[in-house]
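Residue numbers (our numbering), protein chains in the order written: chain A, 1 to 486; chain B, 487 to 997.
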Amino acid sequence: MTLTIPSFSLVSIGPWITLSVTAILILLADALSPKGNRTAAPVLALLGLAVAGFQTYCLWGKGGLDFARMVYVDNFSCFFYLIFILGTALTVLISLQYLKDYDKNLAEYYALLLFATVGMMIMAASAHLIMIFLGLEIMSIAVYVLAGLFREDARSNEAALKYLILGAFASTFLLYGMAMLYGSSGGTLFLSDLAKHLAGENLLKPLTLLAIALLLVGFGFKVASVPFHMWTPDVYEGAPTSITAFMAVGVKAAAFAAFARVFFLAFPGFKPDWQIVLWVLAVATMTLGNVVAIAQTNIKRMLAYSSIAHAGYLLVAIIAANQLGAVSLMYYLVAYTLMNLGAFGVVILVGRKKDSYLSIYDYAGLGAQHPGLAAAMALFMFALAGIPPTAGFVGKFYIFSAAVQAGYIWLAIIGVMNSLVSVYYYLRITVLMYMKPAEADLGPITFAPAVTATLLLTAAGVLLIGVFPGFLYNLAMNSVKIFPGL
Amino acid sequence: MQLPILSILVFFPMLGAVLLAFLDRKNHKLLKQVTLGLSLAEFVFSLPLWFRFNSETAAMQFVERYNWLPQYGISYYVGIDGFSLLLIMLSTFLTPICVLATWTDIQHRVKEFMICLLTLMAGMLGVFVSLDLFLFYVFWEVMLIPMYLLIGIWGNPARRVYAAIKFFLFTMFGSLLMLVAILVLYFYAGKTTGVYTFDLLKLYGQNIPFHLQFWMFLAFGLAFAIKVPMFPFHTWLPDAHTEAPTVGSVILAAVLLKMGTYGFLRFNMPLFPQAALYFVPLFSVLAVIGIVYGALVSMVQKDLKRLVAFSSVSHLGFVMLGLFTFNMPGVQGGIIQMINHGLSTGALFLIVGMVYERRHTRLIADFGGLSTPMPIYATIFMIVTLSSIGLPGLNGFVGEFLILLGAFKANMLYAIIAATGVIFAACYMLWMFQRVMFGEVTNEKNKDLKDLSCREIAIFLPLLLFIVWIGVYPNTFLNKTKASTQNFVTMMEKAKATQVSLSHEDKGEAR
């Protein structure tokens with residue numbers, strides 16, 4: 001018996017390697033450098049991300065599988081790599097001053113961010129269910145730790161613990177699902193093979209359906225879809241604000257990448273079955289997220305519920321299960337990354353010393369005292385509400401057109417009515433900023449250069465891809481050609 | 487190469503808004519002067535449209551077209567015909583007047599106010615020139631934000647936030663359903679013709695099955711009916727008008743409401759002609775109810791501004807009645823009445839605003855005998871009141887007469903009931919005028935009110951000019967819309983003759 005090692009090319013996982021190496025370098029640099037000097041870590045992290053971005057750019061246009069068919073090298077994964085890199089880079093930028101205020105500017109923070117990013121990339125590129133699990137765990141474990149970064153803070157601890165325990169449950173569901181699938185497909189977990197094996201006369205259909213349901217639970221947890229959303233508000237509120245932003249953007253995008261890939265590639269034959277379940281989930285997610293967000297007075301909690309609602313919109317894109325749906329999913333995730341990180345950037349600036357100003361009423365009078373900051377926040381709020389000419393509008397437009405194209409007119413109507421509800425609570429922030437006098441003097445806000453740069457970048461991005469959506473549309477369209485069933 | 491006038495008109499105010507952002511926020515005078523200059527320039531830019539417009543044809547003119555998102559069939563496609571020409575001229579004409587009216591009225595956050603005003607202007611013009619459904623929708627929504635801010639920031643402190651949010655949510659509600667309908671139309675047309683496009687003119691004349699037309703007409707119609715506003719969707723209007731600053735009310739009444747009626751004319755009826763014909767009874771009845779109800783409610787208002795606001799409901803009812811007659815006089819009357827309402831009601835809001843600035847009250851009971859201290863004001867007020875009532879020789883008469891003429895041709899009953907609205911209008915307007923203006927000065931505070939300043943008179947002169955011009959020689963304006971109206975009426979007649987499939991077989995598509 002001979003053992004053959006299949007040929008592989010490290011280039012196809014270049015970004016993973018770069019980020020992992022950078023993370024290790026950050027840890028080493030921290031261990032070797034004199035105490036108290038921590039400027040190197042964020043710089044290294046950004047450099048690593050830049051290199052990974054360049055590598056992704058070089059990978060663009062290639063197609064195929066590598067590492068014994070375990071890893072996809074295609075535009076779909078590259079597109080998501082770019083989303084993750086963007087999200088992580090912006091997170092690094094908004095973290096600097098924030099962590100310094102807490103005296104927690106630790107090198108391991110940046111290393112963990114990068115490890116989590118690698119996990120996300122693995123999820124987006126995996127061609128095998130085990131790879132998805134691997135990526136999911138690499139990402140999740142890093143994020144569990146990050147959520148509990150403020151060890152002395154009870155709420156941060158609560159967030160980490162809750163996320164860990166519930167996250168572990170969700171992972172278990174995912175694993176069970178995979179196990180069932182292994183049985184019902186006759187022993188394969190390759191995504192591309194699953195569709196073939198599951199098609200046709202299948203006596204084990206109930207088992208497959210059970211497997212799909214269990215996978216749904218696992219993914220539903222990570223994207224914070226109702227009824228698996230219970231952890232979201234508490235974890236988002238308790239975790240450090242920068243990590244909340246990271247979770248809302250990166251973790252969600254990664255989960256959706258895997259979600260879309262698995263469901264579009266492996267289960268096209270079961271479309272009607274999962275579509276109907278997801279229909280219910282999407283409606284429940286949008287509605288609950290938006291309605292409960294109205295009642296929130298803590299800005300982080302409000303954004304947590306808003307992120308639940310956005311998960312609902314994204315589910316609509318998956319339900320549509322057509323090319324446009326996949327494109328809209330990818331476009332929306334880019335738009336969401338920009339507008340949500342921008343909004344969290346403002347939250348960090350306004351929150352100041354150890355998050356003293358997290359109530360939405362702290363935004364009263366911001367328009368008069370800091371017109372620029374208020375204008376940026378207003379832009380992000382309008383974008384999240386989906387009002388043109390922002391990226392948020394185009395994203396929703398794509399998603400609902402995908403739904404209409406697939407014949408889900410009622411889903412589209414429910415979706416737009418939900419964005420009407422969301423307008424109410426997003427507008428409330430602008431009402432407070434511009435139309436109410438300040439309840440107390442807000443005091444000076446220190447505009448940390450990195451955060452300010454993030455705000456400028458995201459604001460410009462939100463407008464730019466909102467007015468000229470064509471470029472991203474083409475990129476995304478190029479990426480979804482890999483799904484034959486759509 | 488032809489100058490892209492329409493694009494200049496849309497983007498010049500946006501550039502102006504950006505320019506203003508760099509000016510010193512403390513220098514109110516400069517900000518106002520620059521805005522005035524910009525809005526005057528904008529008016530000058532719009533003049534070639536008027537003079538070079540070819541009244542002989544119903545085709546779109548000054549057309550510009552660039553690809554925007556070609557993969558989706560979305561293009562930047564603008565052009566105007568007779569309908570939009572008049573409304574564009576009205577908007578560019580009113581903006582400098584509005585800027586002048588803010589001179590003393592707006593004293594805080596002047597910079598933001600002017601930026602909002604210019605953005606609003608760009609949005610309004612964008613709506614009127616768009617010939618691409620996507621482009622139209624973008625402008626339609628973009629315009630909401632500055633208006634919302636105008637009401638919410640510079641409105642009456644007591645209830646401005648409530649009014650602003652109500653305005654925003656009401657309008658948004660309608661437009662979101664319209665968005666879904668736009669998408670349904672897009673995919674339907676794409677599937678049947680193979681060309682996926684948001685190009686409005688290509689979407690005209692699709693042979694859409696009736697049940698689809700029915701729902702899409704309702705979805706579009708709801709968006710526009712809320713904007714008009716038609717009874718029973720008018721409840722946001724009195725609040726928005728009453729709480730908005732004077733200029734906000736003027737623009738809201740003069741231009742924003744016209745977007746609703748314009749929407750019916752440009753989108754609803756030509757896109758879904760059979761459904762439009764089917765809905766004539768419903769919409770005519772709602773229009774007539776609006777006419778009478780608006781008038782009756784105006785009669786009992788204690789607040790001047792609220793009275794004018796409800797009178798808008800009544801006037802817009804006339805416009806809707808005219809449009810739904812689908813004959814020459816009715817539609818032409820409807821269009822001219824849109825302009826009339828813009829001029830007269832705009833002027834009325836300015837009049838109310840000026841007295842509010844002096845007395846800080848708008849309650850009719852607080853006034854009386856104002857004609858003694860303010861004779862010029864009284865004269866102007868009188869003319870505008872009479873124009874609003876529809877006195878022959880002034881603009882209101884022409885519009886209402888044509889509409890009623892058309893309505894009599896179409897359905898006698900509606901016309902008769904609607905005609906009572908004219909009588910009620912005379913009642914509430916004249917009664918209000920009498921209570922405010924005539925008699926002894928009962929309130930000490932009103933004794934030495936200052937009469938209008940030169941600036942304020944200058945605001946009214948152009949308005950009065952057109953009020954009289956339309957009243958005496960409406961053909962100047964009717965000629966511009968004649969070809970477009972003729973084309974519209976012919977199209978509706980053709981639609982009446984064509985049968986559309988009434989089958990509900992393909993209804994199963996919707997899940």
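Here a beta-carbon is modelled for each residue, glycine too, at the ideal position from N, C-alpha and C.
Treat the numbers as computed from the prediction; the structure is a model and nothing was measured.
Item                                                                                                                                                          : Value
By Cβ distance below 8 Å, which residues in the same chain neighbour E598/B in space, the five residues on each side in sequence not counted?                 : L635, I639
Can you give me the Cβ contacts of Y552/B inside the same chain, cut-off strictly under 6 Å, excluding the 5 residues immediately before and after it?        : Y562
Taking the C-alpha atoms as reference points, what is the distance between L456/B and V585/B?                                                                 : Lying outside 487 to 997, the shown extent of chain B, residue 456/B is not represented and no answer is given.
Is the separation between the beta-carbon of Y398/A and that of S328/A shorter than 7 Å?                                                                      : yes
Report, in whole angstroms, the separation of the C-beta atoms of V520/B and L509/B, which I expect to be a contact under 8 Å.                                : 7 Å
Bridge partners for T562/B per DSSP, in chain order?                                                                                                          : Contrary to the premise, residue 562/B reads as Tyr rather than Thr in this sequence. Answer by DSSP bridge pairing, in chain order: Y552/B.
Measure from the alpha carbon of A448/A to the alpha carbon of each residue in V346/A, M477/A, G177/A, then state which is nearest.                           : V346/A
Quick check: Q275/A and I243/A, are their CB atoms within less than 7 Å of each other?                                                                        : no
Which residues of chain A have a Cβ atom closer than 8 Å to the Cβ of E627/B, listed in chain order?                                                          : I387, P388, F393
Note down, in chain order, all residues in the segment 556-586 of chain B with a beta-carbon under 7 Å from any beta-carbon belonging to chain A.             : Q557
List the whole-angstrom C-beta distance separating S577/B from V714/B, where the pair is believed to meet the contact cut-off of C-beta under 8 Å.            : Not confirmed; about 17 Å, so no contact.
Take F539/B and list the residues in its own chain whose beta-carbon comes closer than 7 Å to its own, dropping the five residues that flank it on each side. : Q547, L571, K966
Have a look at W554/B, N513/B, T811/B and flag the residue whose alpha-carbon is nearest the alpha-carbon of V596/B.                                          : N513/B
Leaving out five residues before and five after D789/B in sequence, what residues of the same chain have Cβ atoms less than 7 Å from its Cβ?                  : T728, R848, L849
If the cut-off is 9 Å on Cβ atoms, which residues from the segment 406-418 of chain A count as contacting chain B, listed in chain order?                     : A406, G407, Y408, I409, W410, L411, A412, I413, G415, V416, M417
What residue from F894/B, S873/B, S939/B has the CA that sits closest to G957/B's CA?                                                                         : S873/B
Is the beta carbon of V143/A less than 7 Å from the beta carbon of L19/A?                                                                                     : no
Please confirm whether M435/A has its beta-carbon closer than 7 Å to some beta-carbon of chain B.                                                             : yes
Give a yes or no on whether the C-beta atoms belonging to M860/B and D937/B are separated by under 7 Å.                                                       : yes
Could you name the residues that DSSP lists as bridge partners for V71/A?                                                                                     : D66/A, S126/A
Do P731/B and G641/B count as a contact pair if the criterion is CB distance below 7 Å?                                                                       : yes
Would Y425/A count as contacting chain B if we go by Cβ distances under 7 Å?                                                                                  : no
According to the Cβ coordinates, are T285/A and G250/A closer than 7 Å?                                                                                       : no
Counting only the same chain and skipping the five closest in sequence on each side, list residues whose C-beta sits under 6 Å from that of G746/B.           : F710, K713, V714
Can you list the residues of chain B that S306/A reaches, using a CB-CB cut of under 7 Å?                                                                     : Simply none; closest approach about 17 Å.
Quick check: L506/B and I601/B, are their CB atoms within less than 7 Å of each other?                                                                        : yes
Considering only the beta carbon of each residue, do A45/A and V11/A sit closer than 7 Å?                                                                     : no
For I631/B, go through chain A and note every residue whose CB falls closer than 8 Å to its CB, in chain order.                                               : F382, I387
How would you label L489/B, buried or exposed, when you count the other beta carbons within 10 angstroms and need 16 or more for buried?                      : exposed
What residue does the alpha helix (DSSP H) around F812/B start on, and which one ends it?                                                                     : Element bounds for F812/B: n/a, residue is neither H nor E.
Using DSSP with H/G/I as helix, E/B as strand and the rest coil, what is L486/A?                                                                              : coil
Just verifying my parser: in three-state terms, what is the DSSP assignment at Q488/B?                                                                        : coil
Any beta carbon of chain A sitting closer than 7 Å to that of M658/B?                                                                                         : yes
Indicate whether T22/A and G48/A have their beta-carbon atoms separated by less than 7 Å.                                                                     : yes
Examine chain A for any beta-carbon lying closer than 7 Å to the beta-carbon of L662/B, and answer yes or no.                                                 : yes
Ignore the nearest five residues each way along the sequence and tell me which others in A248/A's own chain have a CB closer than 6 Å to its CB.              : S307, N340
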